[in-house]
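S.K.: What follows is a structure written as structure tokens; I'll ask about it next.
Set out below in structure tokens:
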């Protein structure tokens, strides 16, 4: 239980977040660290998806995880149980992470030779989409119980993400959720976004998602 | 379909939101308008709960509904179908409503003699909790698929609300959700909050929730 470290990240006072995010991205490129930013509403299954992903990829890549939350260390404990280094970032009430807060988290990772760093952003379908964290790729999770209309109501999140994981497919029979309609709504916002249906609980689709991630990392490494 | 009006609300430039919220509350008291602020994550069932509530109470009170969203008019259309006046507020990307935005919505209601005004806030478990809208009471919905740990991770939302509706109780068998543990987590944040399990889809618990609302309105009217 002592393995979970908690870092209180301070909101950046800098207005030029975009420039700082680009700078962070360049530095990470030089260090060979692929940063993935994972976003979603509260309770969409970010942590469970992440635990599954780490299980599948931890023998291929050295992985570090940053768990952002306003409070609690529930998620970092879950991730630490997978055996990778996990740090809990507390945002002090802030609804998102910016590039400087992300940098504070990355700096706190003890392992300097991480190849894949995953940032689990604050559970929020609005604000995290507005702030470039310096990530190479942005992923969003939308879970079945939330409804297939969310891309209509929260446009920016779906515009900025490179991939959308549709989670909790196992409970689809119990909800009025139409996967085709959801794909259409996402396409309206972002024709280039990859859409992968998954179930983090059962493992459905996780292999396809891991393949997507491997492909992105390979392309980025060049 | 033409009955849905969309208002683009502008973020207040005023730093003194608390003072403005108090002022709005006083004015609403004079006019006999009870304002309820309904908050939750995206997809927790705010609109379905609201439609059920309106069905049950619309013969007792004259009701007006403000539907806040970043984009789309899905929710105002749903509410207009219940026969009450519903206005869609577009926040222009903003993640919450403040007192001035709420006032703009209330001013747009054609009916001047509304007794119960319900504001469906932007789907977001973080930011709406930080801004007093001028409401008499704050309600939050937490749905079963989101998980019982949400009061640990999103403290302020549960601190500011007077009542928490635990929605989607019908799917509880398919999720790892413990109602007693959830009540405990809410109590940690706010010992005074009323907790009412409901299912907006089946109608379970809606009568109890309507009773709570009736009681609050009666006490407020004095």
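Chains as they are written, first to last, in our numbering: chain A, 1180 to 1401; chain B, 1180 to 1401.
C-beta atoms are modelled at their ideal positions from N, C-alpha and C, and glycine is treated no differently.
This one's a predicted model, so the numbers in the text were calculated from it and none came from an experiment.
At 9 Å on the CB atoms, spell out the chain B contacts of residue 1242 (chain A), in chain order.
M.R.: In the first chain, counting from the first residue as 1, residue 1242 (chain A) sits at position 63. Result: empty, since nearest Cβ-Cβ is about 23 Å, beyond 9 Å.
S.K.: Please name the residues in the segment 1304-1317 of chain A whose beta-carbon is closer than 9 Å to at least one beta-carbon of chain B, in chain order.
M.R.: Listed by position, the residues of the segment 1304-1317 of chain A near chain B (Cβ gap below 9 Å) are 1304, 1305, 1306 and 1309.
S.K.: Starting from the C-beta of residue 1255 (chain A), find all residues in its chain whose C-beta is less than 7 Å away, skip the five residues before and the five after it, and write them out in chain order.
M.R.: Against the first chain, residue 1255 (chain A) aligns to sequence position 76. 1183, 1246, 1265, 1266 and 1267.
S.K.: Going along the chain, which residues of its own chain have a beta-carbon closer than 8 Å to the beta-carbon of residue 1350 (chain A), five neighbours each way excluded?
M.R.: In the first chain, residue 1350 (chain A) corresponds to position 171, counting from 1. Excluding sequence neighbours, residue 1350 (chain A) sits near 1323 and 1324.
S.K.: So, are the CB atoms of residue 1331 (chain B) and residue 1374 (chain A) less than 9 Å apart?
M.R.: For the purposes of this step, residue 1331 (chain B) is taken as residue 152 along the second chain, with counting starting at 1. For the purposes of this step, residue 1374 (chain A) is taken as residue 195 along the first chain, with counting starting at 1. Not in contact: residue 1331 (chain B) and residue 1374 (chain A) (Cβ atoms no closer than 9 Å).
S.K.: Looking at chain B, is there any beta carbon in it that lies within less than 9 Å of the beta carbon of residue 1225 (chain A)?
M.R.: To locate residue 1225 (chain A), count along the first chain from 1; it is residue 46. Not one chain B Cβ lies under 9 Å of residue 1225 (chain A).
S.K.: When burial is assigned at 16 or more other CB atoms within 10 Å of the CB, is residue 1249 (chain B) buried or exposed?
M.R.: Numbered from its first residue, the second chain carries residue 1249 (chain B) at position 70. With 16 or more other Cβ atoms within 10 Å, it is buried.
S.K.: Is the distance from the Cβ of residue 1203 (chain B) to the Cβ of residue 1297 (chain B) below 9 Å?
M.R.: Taking the second chain and counting its residues from 1, one reaches residue 1203 (chain B) at position 24. Taking the second chain and counting its residues from 1, one reaches residue 1297 (chain B) at position 118. No, Cβ-Cβ distance for residue 1203 (chain B) and residue 1297 (chain B) is not below 9 Å.
S.K.: Write down every uninterrupted run of the beta strand (DSSP E) in the segment 1322-1376 of chain A whose length is 3 residues or greater and which is fully enclosed by it, in chain order.
M.R.: Segments of the beta strand (DSSP E) lying fully in the segment 1322-1376 of chain A: 1342-1346 and 1373-1376.
S.K.: For chain A, find out if any of its Cβ atoms is closer than 9 Å to the Cβ of residue 1213 (chain B); answer yes or no.
M.R.: Within the second chain, the letter at position 34 stands for residue 1213 (chain B). No, its Cβ sits nowhere closer than 9 Å to a Cβ of chain A.
S.K.: Short of 8 Å Cβ to Cβ, which residues in the segment 1263-1294 of chain A face chain B?
M.R.: Correct list: 1272 and 1274.
S.K.: What does residue 1331 (chain B) touch in chain A if you count any residue whose Cβ is under 7 Å from its own?
M.R.: In the second chain, the residue the question calls residue 1331 (chain B) occupies position 152. Here the neighbours are 1250, 1251 and 1253.
S.K.: Which residues of chain B have a Cβ atom closer than 7 Å to the Cβ of residue 1325 (chain A), listed in chain order?
M.R.: Walking along the first chain from the start, residue 1325 (chain A) turns up at place 146. By Cβ distance, chain B contributes 1221 and 1222.
S.K.: Short of 7 Å in beta carbon distance, which residues of its chain neighbour residue 1221 (chain A), apart from the five on each side in sequence? Order them along the chain.
M.R.: For the purposes of this step, residue 1221 (chain A) is taken as the residue at position 42 of the first chain. So the qualifying residues of the chain are 1302.
S.K.: Tell me the DSSP bridge mates of residue 1140 (chain A)?
M.R.: Absent from the model: residue 1140 (chain A). The displayed extent of chain A is 1180 to 1401, so no value can be given.
S.K.: How many angstroms separate the CA atom of residue 1355 (chain A) from the CA atom of residue 1187 (chain B)?
M.R.: Taking the first residue of the first chain as position 1, residue 1355 (chain A) is located at position 176. Taking the first residue of the second chain as position 1, residue 1187 (chain B) is located at position 8. Their backbone Cα atoms lie some 30 Å apart in a straight line.
S.K.: Starting from residue 1207 (chain A), follow the alpha helix (DSSP H) in both directions and report where the run begins and ends.
M.R.: Mapped onto the first chain, residue 1207 (chain A) falls at position 28. From DSSP, the alpha helix (DSSP H) with residue 1207 (chain A) extends over 1196-1210.
S.K.: Give me the DSSP bridge partner(s) of residue 1213 (chain A).
M.R.: To locate residue 1213 (chain A), count along the first chain from 1; it is residue 34. Beta-bridge pairing links residue 1213 (chain A) to A:1295.
S.K.: Terminal residues of the continuous alpha helix (DSSP H) containing residue 1247 (chain A)?
M.R.: Against the first chain, residue 1247 (chain A) aligns to sequence position 68. Note, residue 1247 (chain A): premise wrong, no alpha helix (DSSP H); beta strand (DSSP E) at 1242-1248.
S.K.: How should residue 1281 (chain B) be labelled, buried or exposed, when 16 other C-beta atoms within 10 angstroms of its C-beta is the threshold for buried?
M.R.: Locating residue 1281 (chain B) in the second chain gives position 102, where the first residue counts as 1. With 16 or more Cβ atoms within 10 Å of its Cβ, residue 1281 (chain B) is classed as buried.
S.K.: Any C-beta of chain A sitting closer than 9 Å to the C-beta of residue 1301 (chain B)?
M.R.: Walking along the second chain from the start, residue 1301 (chain B) turns up at place 122. Answer yes: the Cβ-Cβ gap between residue 1301 (chain B) and chain A drops below 9 Å somewhere.
S.K.: Find the nearest neighbour of residue 1199 (chain B) within the set B:1279, B:1219 and B:1392, judged by alpha-carbon distance.
M.R.: The residue given as residue 1199 (chain B) occupies position 20 in the second chain. Checking every option, the nearest Cα to that of residue 1199 (chain B) belongs to B:1279.
S.K.: Please work out which residues of its chain come closer than 7 Å, Cβ to Cβ, to residue 1487 (chain B), disregarding the five sequence neighbours upstream and downstream, and give them in chain order.
M.R.: Because chain B is modelled from 1180 through 1401, residue 1487 (chain B) falls outside the range shown and cannot be assessed.
S.K.: For residue 1231 (chain B), tell me which candidate among B:1397, B:1393, B:1399 and B:1389 has the shortest Cα-Cα distance.
M.R.: By one-based count along the second chain, residue 1231 (chain B) stands at place 52. Answer by Cα proximity: B:1389.
S.K.: Per DSSP, what kind of secondary structure is residue 1234 (chain A) in: helix, strand or coil?
M.R.: Mapped onto the first chain, residue 1234 (chain A) falls at position 55. Note: residue 1234 (chain A) maps to helix in three-state DSSP.
S.K.: Return the first residue and the last residue of the alpha helix (DSSP H) that residue 1392 (chain B) is part of.
M.R.: Here residue 1392 (chain B) refers to the residue found at position 213 when the second chain is read from its first residue. Its alpha helix (DSSP H) spans residues 1385-1400.
S.K.: May I have the straight-line CA-CA distance separating residue 1234 (chain A) from residue 1385 (chain A), to the nearest angstrom?
M.R.: Taking the first residue of the first chain as position 1, residue 1234 (chain A) is located at position 55. Taking the first residue of the first chain as position 1, residue 1385 (chain A) is located at position 206. For residue 1234 (chain A) and residue 1385 (chain A), the distance between alpha carbons rounds to 10 Å.
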